[in-house]
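Protein chains in written order, with numbering that gives the first Met the number 0: chain A, 0 to 736; chain B, 0 to 80; chain C, 0 to 285; chain D, 0 to 159.
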Amino acid sequence: MKQDFKILGTRPIRPDGLDKVTGKAMFGADKSVTGMLHARILRSPHAHAEIVSINTAKAEALAGVKAVITGDDFADVENSATRYTMQNCMAQGRALYDGHAVAAVAAVSKAVAAEALKLIEVEYKTLPHVTDVDEAMLPGAPVLHEGVKARTLGDDVSGNTVGYYSFGHGDLETGFSEADEVIERTFKTAAVHQGYIEPHACLADLGGDGRGELWCSTQGHYMVREVCSEILHIDASQLRVTASEIGGGFGGKTTVFIEPVALKLSQKAGKPVKLVMSRDEVFRASGPTMSSSIDIKIGMTKAGKITGAHAKLRYQGGAFPYEMVMMGAMSAFAAYDLEHVQAEGWDVMTNRPKMISYRAPGAPMAVYAVESVVDELCQKLGLDPIDTRLLNAAREGTKSSYGPTFKAIGLVEALEAAKAHPHYSAPLAPNTGRGISCGFWFNFGGQVSVSMAINADGTVSLIEGNPDIGGSRASISMMAAEALGIEFDRVRTIVGDTASVGFSDVTDGSRVTFAVGIATIKAANAAIKEMCKRAAKIWDIDAEAVEWVDGAAQPTGHNAGDFPPMSLAEIAATSGKTGGPIAGHHEGAPDKAGVSFGVHMVDVEVDPETGFTSIKRYTAFQDVGKAIHPAYVEGQIQGGAAQGIGWALNEEYIYGEDGRLQNPGFLDYRIPVASDLPMIEAVIIEVPNPGHPFGVRGCGETSIVPPLAAVANGVAHAIGVRMFALPMSPPKILKVL
Amino acid sequence: MARVVIFGSLRAFTGGVEMMEIEAATTRELLKKLTARYPALFDTIESGVSLAIDGEVFKDAWFTPIGPESEVVIMPLMVGG
Amino acid sequence: MRYLVAKDSREAVALLNTGEDARLLAGGTDVLVRMKLEGKTPDLLIDIKEISGFSDITTENGGFRIGAAVSGAEMGEHAALKAMWPGVVEAVELIGSTQVQGRATMVGNLCNGSPAADSVPAMMAAGAMARIEGPAGTRDVLVADLLEGPGKTKLGKAELVSSVFLPAGLPKAGDAYLRFIPRTEMDIAVASAAVSLVLDDNNTVAEASVVLGAVARTAVFVPNAAAALVGSKLEPEALSACAAACAAACSPIDDRRGTIEFRTKIAGVMATRAAKIAFRRAGGKL
Amino acid sequence: MSKIHVTTQVNGDAVEFLCAPDETLLDVLRDRLNLTGAKEGCGTGDCGACSVTIDGRLVASCLVLGAEVEGSAIETVEGIGTADALHPLQRHLLEHAALQCGICTPGIVVAAKALLLQNPDPSEEETRYWLAGNLCRCTGYDKIIRAVLSAASELRGENA
């Protein structure tokens with residue numbers, strides 16, 4: 000399926016770039032309207048407490064305060080998932096974690112709003128709390144919500160255990176009996192935050208008549224509309240949501256945290272309300288990803304064949320029911336062709352902020368544990384880590400550990416590229432180790448809407464419904480131009496608000512370039528069909544006798560050569576006289592998103608006297624199907640690698656005995672800074688996805704999956720001791736040296 | 000007849016049955032017949048599942064065609080970041 | 000909150016003495032952060048940057064006087080200062096990002112009272128004197144004598160530090176500062192060490208000063224560590240004796256930035272590494 | 000709290016504003032002068048998204064009071080380059096695809112410009128340390144560093 004492309008694979012300047020380098024781009028907190036109020040949220044200082052009473056009288060009496068709300072202002076909703084979202088935005092009855100919202104104020108200025116918060120009197124009765132996953136699963140642990148325990152589980156686990164999943168095939172006992180070496184290990188990983196630099200921000204204006212406008216930083220403004228209209232009990236059609244430029248999300252902006260609060264305050268005050276989280280609030284009250292406790296058992300023959308593999312994943316996902324461990328259980332062994340395999344997972348609630356997706360949610364920690372044990376087996380049996388992975392690699396026709404049989408996939412190609420790369424044979428300095436890990440992500444399709452207008456001047460206006468989080472307006476414009484056969488700069492893609500184009504799912508799951516791309520191609524085909532029809536009319540021949548070649552209509556069949564080709568611009572120029580405006584649109588739910596595999600290789604140096612780990616060299620290989628805009632594909636790979644490095648080395652949510660978060664700021668929640676990292680070489684592998692006309696696979700998430708184990712394996716080789724918990728911060732490393 | 004594979008923990012609702020054959024032309028028909036056979040599956044299927052049809056992953060849209068020889072794997076509804 | 004710009008130190012002292020909750024503003028990189036995180040403002044914020052001399056680096060008796068409002072970036076750009084007291088300047092330059100360097104001051108770092116303040120061990124090792132202005136007039140005290148405990152100094156009521164004096168550097172002398180942080184930048188010291196050495200004609204350590212940061216309630220001199228270096232050319236035995244003395248001098252806390260065990264272990268590592276740098280700067284060869 | 004009257008210069012233009020004594024320069028720029036290019040990522044000087052220069056000195060505008068800039072000259076991202084005449088740094092950031100979400104980009108532009116004024120030929124390591132206070136969560140910094148180094152090369156008159 001090798002195709003020749005004119006535009007795909009080139010590196011044009013992204014259309015929104017100019018506004019972003021000049022400071023013009025409007026992000027969530029950048030919009031203001033006259034007469035707007037400023038809102039602030041009061042948050043619980045307790046990990047778990049009954050809210051006995053809230054007295055807002057003094058705050059309401061403060062000059063300049065226009066509205067104060069608490070959980071009592073929100074009427075119940077039917078859908079339980081929406082109710083949990085609502086109660087995460089504003090506690091009702093109980094505060095479930097440090098940072099849980101308990102009241103909110105809208106006032107004429109930020110200063111007055113801040114002053115008013117101090118006047119709200121909340122009486123709490125503290126309750127027992129639990130923040131560790133293993134403790135939360137024990138019978139007798141404080142239970143966050145009654146009646147939501149997974150229905151197949153028994154009394155051996157507490158009511159916090161809201162999900163149980165199992166995947167796999169074969170017979171584990173048989174598998175392990177065939178092994179020459181079996182290693183069984185337990186791992187722990189800390190909760191980490193998406194760490195987007197832009198805090199959540201919105202500007203809400205909701206009238207008493209139920210008509211509203213909402214501007215917000217989100218990965219999915221249709222999701223925001225649906226959730227908010229349900230919580231506010233208004234019609235979806237009456238709430239128009241506009242997605243601002245989004246300053247990073249990585250999954251963290253796939254739900255709402257503040258929007259219903261701002262809308263409710265606006266409704267109550269009768270004025271627009273701007274609500275912006277502080278960084279401290281982002282860490283305490285917006286969703287990090289899960290922490291985990293994991294058991295892995297893998298058996299291998301002396302020759303390196305994996306004979307059996309078992310994973311038990313216990314994920315901690317915060318204060319409300321959630322489903323995410325299944326993604327880890329499905330990902331854990333995806334890279335391997337196994338006869339006997341089982342991956343089990345438990346979703347567990349604790350007194351922490353409700354988890355939300357973080358780039359390949361659930362996969363990095365599961366794969367970290369698996370790839371650590373695979374590495375240890377290779378070490379013990381004296382096997383080459385890449386050869387061993389090649390020997391066991393999943394490929395086309397492999398029945399995956401989670402069920403489906405793989406179509407064309409690029410794991411073997413990525414492993415072979417890694418093996419052939421000069422990095423793999425480069426000599427290592429003292430105190431330095433080289434780590435390898437595979438990684439995997441599913442990638443998704445889902446609902447999309449694209450509307451494309453062919454303008455009279457020969458340009459194309461494209462509206463789509465997915466917030467552009469990493470350059471998708473560029474890739475979509477490129478695919479439109481490729482499909483139409485015109486130049487890239489003739490297309491302008493914008494992200495429409497919820498009133499201007501049909502529903503679109505959230506920007507997540509590495510789905511946008513894939514799914515919006517398919518819709519764009521189909522919309523282009525619809526427009527092409529119409530343009531061919533117009534040309535046929537002009538030429539007075541059958542529409543079927545016209546085909547679209549290189550951006551122009553041309554007669555075909557027995558009319559071939561009768562008329563010179565008529566370009567898109569020419570057809571567009573006369574469209575007013577040939578039947579009116581020309582457009583194409585497509586609404587659909589593309590499936591068949593191809594999975595993506597990556598292989599990361601890292602050299603780490605560990606200071607034996609301090610336990611400090613530095614990343615000396617990093618190379619990432621990833622099958623992306625077809626790189627539409629290779630520079631942004633590289634950027635996705637590099638960015639995921641950097642996030643994974645942070646996860647491996649220094650990032651963690653630190654809770655004290657009191658259940659309070661101790662590091663809600665960038666000073667002590669340590670994401671990698673520029674001087675922490677070397678250049679990250681991204682090697683793009685292209686094994687086309689048979690499910691996409693251009694071969695595209697999602698590429699945004701796979702890259703965060705391998706770094707955890709790659710770095711951990713590198714550290715193990717550098718110091719000769721293996722660590723079983725993340726992050727591998729210097730005190731932990733020095734302790735084992 | 001399509002070969003239907005139920006993912007591990009869902010087998011708790013099929014009495015441990017992992018694989019079965021179901022005559023269905025579309026996903027809707029398949030899921031209807033599946034819940035008719037195993038009513039305990041209703042809640043899970045109602046709240047949403049993903050299906051892998053011959054190795055390609057689909058959401059549970061009703062009218063996705065299923066071939067007579069297809070392998071259909073029922074999986075949980077997947078989410079991303 | 001009121002914001003006032005003091006014209007001279009007498010006015011600043013008078014404003015500090017009004018009985019209101021008053022704070023001084025120089026670089027603001029501590030006071031403004033605290034206002035933000037704690038959500039409360041003092042009654043009065045007194046900007047001291049306009050006071051004559053407060054923004055100057057001047058030579059004095061062969062050494063340098065550094066005004067209370069001189070930023071880290073300005074110190075880093077002062078070639079002669081950097082040549083004489085490279086350890087002090089590198090310590091100041093480690094405070095925060097480039098952006099923070101544009102504002103943060105050494106005197107502010109001192110008066111903030113953090114046990115982990117980067118510049119304090121280096122100033123102590125250099126024998127720096129703080130000039131204090133107060134209701135009773137002006138006095139000079141050793142920086143070391145100003146330290147009290149976390150968030151506290153021994154400054155009296157309505158007193159302020161107007162400058163710090165770094166004495167003339169001796170020939171064949173060198174100083175250095177090192178800290179341990181989990182990343183390469185942007186963190187607070189988990190443990191740190193400043194070392195100042197003077198060598199004799201034989202390149203043997205004649206005088207030494209070793210100061211540790213972030214391992215006790217204040218930065219602390221470690222005389223035994225210094226003594227271990229004196230008379231040596233930093234042979235391995237001297238360095239390990241120095242490290243052992245450092246470990247013995249540690250009484251750190253466990254917190255989100257480091258454990259007692261870890262801080263105690265690496266304090267000596269920082270000190271011996273800093274000693275080697277100082278030794279080379281003094282003209283010694285390792 | 001009575002407001003303070005401040006006369007200053009922003010991006011070459013004389014500007015006057017009234018601000019509360021505890022109002023940061025960042026809030027003044029964004030809320031009073033409608034210059035929203037500088038972003039608040041943390042409010043505590045840890046992220047660099049609010050970088051501006053005051054009298055040529057790179058600072059975090061969240062850690063400066065509006066009242067302090069009386070008589071100063073401030074430069075924000077809005078004062079660097081225009082659509083028709085981008086600063087080479089801005090152009091190289093675009094050409095290297097050195098931004099994804101773009102929230103850190105204004106701070107990077109301001110900080111990198113300050114670097115190149117002080118050090119026209121920085122090494123990769125110097126560039127990384129200079130920009131250590133400008134957090135970027137999207138890119139892994141690779142393309143940002145390359146863009147700054149190639150802009151530096153162009154500004155030095157070398158063949159970029």
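Ideal Cβ placement from N, Cα and C applies to all residues, glycine included.
When Cβ pairs closer than 8 Å are counted between the two stretches, the region 693-703 of chain A is seen not to touch the region 141-153 of chain C, the count staying below three.
Within the region 111-138 of chain D, those residues whose Cβ lies closer than 9 Å to any Cβ of chain A are, in chain order, E123, E124, T126, R127, Y128, W129, L130, A131, G132, N133, L134, C135, R136, C137, T138. When the beta-carbon positions are compared, G211(A) and L238(A) come within less than 8 Å of each other. Ranking L461(A), M478(A), I468(A), N465(A) by CA distance to the CA of R491(A) puts L461(A) first. Under DSSP, I297(A) shares a beta bridge with I182(A), A308(A).
Chain A has no Cβ within less than 8 Å of the Cβ of V3(B). Counting the other CB atoms within 10 Å of its CB gives G269(A) a total below 16, which places it among the exposed residues. In the structure shown, the three-state DSSP call for S50(D) is strand. In the DSSP assignment, the residues bridged to K124(A) are E49(A).
In terms of Cβ geometry, M276(A) and P198(A) form a close pair [threshold 8 Å].
Contact of T21(A) with chain B by beta-carbon distance below 9 Å is absent, the smallest such distance being about 30 Å.
Taking CB atoms only, M185(C) has a neighbour in chain A less than 8 Å away. E20(B) has a beta carbon lying at 8 Å or more from every beta carbon in chain A. Per DSSP, K65(A) is one residue of the beta strand (DSSP E) stretching across 64-69. The beta carbons of V704(A) and G638(A) sit about 13 Å from each other, so the pair does not count as a contact at 8 Å. DSSP places D541(A) in the coil class of the three-state scheme, outside both helix and strand. Sequence-ordered contacts of the region 26-38 of chain D with chain A read D26, R29, D30, N33, L34, T35, G36, A37, K38 [C-beta pairs closer than 9 Å].
In this model, F332(A) and I297(A) are separated by some 10 Å (Cα to Cα). In the structure shown, V447(A) adopts extended strand secondary structure according to DSSP, grouped into three states. In the DSSP secondary-structure assignment, T612(A) is bridged to V605(A). Contact of K58(B) with chain A by beta-carbon distance below 9 Å involves F443, G444, G445, Q446, A588, D590. Rounded to the nearest whole angstrom, the C-alpha separation of L17(D) and A479(A) is 49 Å.
Under DSSP, the beta-bridge partners assigned to K187(A) are S292(A), A724(A). For S208(C), no Cβ of chain D is located within less than 8 Å of the residue's own Cβ. If only uninterrupted alpha helix (DSSP H) runs of at least 4 residues are considered, those enclosed by the region 212-283 of chain C are 222-228, 235-248, 259-280.
In terms of CA proximity to A172(C), A207(C) leads the group F63(C), A207(C), A247(C).
With a threshold of 16 other beta carbon atoms within 10 Å, H557(A) falls short and is exposed. Taking 9 Å as the Cβ-Cβ cut-off, the region 495-518 of chain A approaches chain B at V505, D507, G508, S509, R510, given in chain order. Contact between the region 279-289 of chain A and the region 344-358 of chain A is present: three or more C-beta pairs spanning the two stretches fall below 8 Å. Around the beta-carbon of N688(A), 16 or more other beta-carbon atoms lie within 10 Å, marking it buried. The residues P384, T387, in chain order, have a CB closer than 6 Å to that of C377(A) in the same chain once the five nearest residues on each side in sequence are set aside. Closer than 7 Å at the C-beta level to chain D, one finds these residues of the region 20-42 of chain C: G27, T28, L31, V32, M34, K35, L36, T40. Every alpha helix (DSSP H) stretch that sits fully inside the region 26-83 of chain C and reaches 4 residues is listed by chain position as 30-37, 71-75, 78-83. For I295(A), no chain C residue has a C-beta closer than 7 Å to its own C-beta; the minimum C-beta separation is roughly 27 Å.
With the criterion set as a beta carbon lying under 7 Å from some beta carbon of chain B, the members of the region 355-372 of chain A are S356, Y357, R358, A359, P360, in sequence order. Between A681(A) and V366(A), the C-beta spacing is not below 8 Å.
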